[in-house]
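Engineer: In this note's numbering, the protein residues as written are 41 to 158.
Every residue, glycine too, gets a C-beta built ideally from N, C-alpha and C.
What follows is a single structure, and I will ask about it in a moment.
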Amino acid sequence: MMQVRCQRCGWVFTMSRDSIGLAVAEAGQNEHYLADCPKCRHGIKIRVDDLRRRLPADYVLPVPPPKPAPIHVKKEEVKNEEVRNGAEAGSGDRDQAQARAEDTGQDEAGSNLPAERG
Ligand SMILES: [Zn+2]
41 MMQVRCQRCG WVFTMSRDSI GLAVAEAGQN EHYLADCPKC RHGIKIRVDD
91 LRRRLPADYV LPVPPPKPAP IHVKKEEVKN EEVRNGAEAG SGDRDQAQAR
141 AEDTGQDEAG SNLPAERG
């Protein structure tokens, strides 16, 4: 347990052992941990050394929550590439299909060629 006083509003709050441990884990290699005052949200600088001293020697630091990984859209790009290559290779067939569609009197705007549907 550790009592922390906010320099801005003078509010005193208590950090539990678990929150001290989490603070040390989040601080990592930093010299100070920035705690938020629960009353005015002012950032309070606390020396990590002071936090560490409050923890028992055998205290196991919790693992801070991992940062969200960037989302990759590579799979979709590869898929589109494959479709485009396939259409290029069969461009002759597409012309034939278009001619066939005109023969049967289908509306060109409404004709979806099977080659492009995947
Ligand atoms: Zn405050």
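Does the segment 75-85 come close enough to the segment 102-112 to have 3 or more Cβ pairs within less than 8 Å?
Structural biologist: Result no; under three Cβ-Cβ pairs closer than 8 Å.
Engineer: Where do the ends of the alpha helix (DSSP H) carrying G159 lie?
Structural biologist: As displayed, the chain neither begins before 41 nor continues past 158, which places residue 159 out of reach and without an answer.
Engineer: Can you tell me the Cα-Cα spacing of N70 and L62, whole angstroms?
Structural biologist: C-alpha separation (whole angstroms): 14 Å.
Engineer: Considering only heavy atoms of ligand 1, does any lie closer than 6 Å to the CB of H72?
Structural biologist: Incorrect: H72 has no Cβ contact closer than 6 Å to ligand 1.
Engineer: Report all residues from its chain with a CB closer than 8 Å to the CB of G50; omit the five preceding and five following residues, and keep chain order.
Structural biologist: If we look at G50 and ignore the five residues flanking it on each side, it has no Cβ neighbours.
Engineer: On the CB-based measure, 16 or more other CB atoms within 10 Å of its CB, does L74 come out buried or exposed?
Structural biologist: That one is exposed.
Engineer: Reducing DSSP to helix, strand and coil, say where V103 ends up.
Structural biologist: Residue state, collapsed to three classes: coil.
Engineer: Buried or exposed: V52, going by 16 or more other Cβ atoms within 10 Å of its Cβ?
Structural biologist: That one is exposed.
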